[in-house]
Amino acid sequence: MNLNKEQIYEWLQEVKDPEIPVLSLVDLGVITQIDLSNNGVSVEMTPTFVGCPAMDYMKQEVESALVAKGIKPVTVSVNYKKTWSSDLITEKGRIALEKFGLAPPPSAQVFTDIGILENAICPRCHETNTELRSPFGPTLCRSIYYCNTCQEAFEQFKPI
């Protein structure tokens, strides 16, 4: 089998985030490196948060997806040396987050003041008349907001 990185990335599009099943790990930006050798494939992942409880599950899913394509051996490792950033989410991933009802994070590079986290763009009506209700969402990577225009609560993926 003649493999290339693009093919591996394409296959890994099938591996979805366990908490946001419309978003692949590739589009989330946690697949940070792929190495090919005669001895198989090595995949490096960088978690969105150090304490992410789904990392072992995601590692197993990546390995299973590649083994199902006939790749052996597959090595999946977690990299804590380079931090993940919300800027690693692809445009396709941002669109998927919004369609799922989660506000995509703004660029992490725009943060000079923590006050920018006070407002988010509502994924339902696209208005900015929103307020942070709680920095603590159902997972470490999400916050709870409320839209004063459409009067709906929503989650925003935290920019880091």
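For the sequence shown, position 31 matches number 592 in this note's numbering, and the numbering has no gaps at all. We put the beta carbon where it would ideally sit given N, CA and C, even for glycine. Computed from a prediction, not measured in an experiment: that's the story for all the values here.
A626 and L649 have their C-alpha atoms some 22 Å from each other. Linking P608 to L597 through their CA atoms gives a straight-line distance of about 21 Å. Counting along the chain, Y641 sits inside no alpha helix (DSSP H), nor does DSSP assign it H or E at all.
Membership of A681 in any alpha helix (DSSP H) is not indicated, and neither H nor E is assigned to it by DSSP. Taken through DSSP and simplified to helix, strand or coil, G698 comes out as coil. Counting along the chain, Q568 sits inside the alpha helix (DSSP H) bounded by residues 566-573.
DSSP, read as helix, strand or coil, puts I656 in helix. In this structure, DSSP gives V604 an extended state, which the three-state scheme calls strand. Approximately 5 Å separates the beta-carbon atoms of V637 and V604; this is inside 8 Å, confirming the contact.
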